[in-house]
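All remarks here apply to the structure that follows.
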Ligand code: SF4
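Residue numbers (this note's numbering): 821 to 1014.
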């Protein structure tokens, strides 16, 4: 068992904020030391908590479409790491899922990121991941719009791929025309099997 697997075993046994998790702990992450791409999301939803598979829904389908990858590539930990800011489903409130548990990232995130020596591209989904990976931007839209500055440094903010986010995509048609083709070309290079 290597360091990465040892850490994964420890993280998967975490119960640090169990008292605040309505369905209990079930850390959901995908990580292996060969991954060149990181999807830095918010926290698993209820469906992912129940199935144990992140992004196995309409948002995941759209995200895979944006990246230009199939499910085999997407769920290959040696190519793509999936590491949300909160690793367990945090429960939901009146206006949707609650924020990631605040205990999680300070305890686990740096150690998990240190297990990605081949990382070349971080995809930032959501305000909490923005605060960690691109803290100089106040809004996600500002970070997405500045893609020509962030992408050379290996970080790209994305709008939420949820089908409910259709309005943002309609209001920002440059997203599909400009950064997406560049993203797809970069992902294809990083995901190609040598
Ligand atoms: S959300 Fe994070 S800190 Fe809380 S139990 Fe899950 S892994 Fe542990």
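All C-beta atoms, glycine included, are put in the ideal place defined by N, C-alpha and C.
Here the structure is a predicted model, which is why all the values come from computation and not from measurement.
- The stretch 999 to 1014 makes contact with the stretch 884 to 898, as at least three CB pairs between them are under 8 Å.
- Rounded to whole angstroms, the gap between the alpha carbons of residue 891 and residue 834 is 28 Å.
- Under the DSSP definition of a beta bridge, residue 975 partners with 942.
- Take the alpha-carbon of residue 823 and the one of residue 996: they are about 39 Å apart.
- The alpha-carbon separation between residue 911 and residue 961 amounts to approximately 26 Å.
- Shortest gap from the CB of residue 838 to any heavy atom of the ligand SF4: under 7 Å.
- Secondary structure of residue 911 (DSSP, three-state): coil.
- With a 10 Å radius around the Cβ and a threshold of 16 neighbouring Cβ atoms, residue 942 comes out buried.
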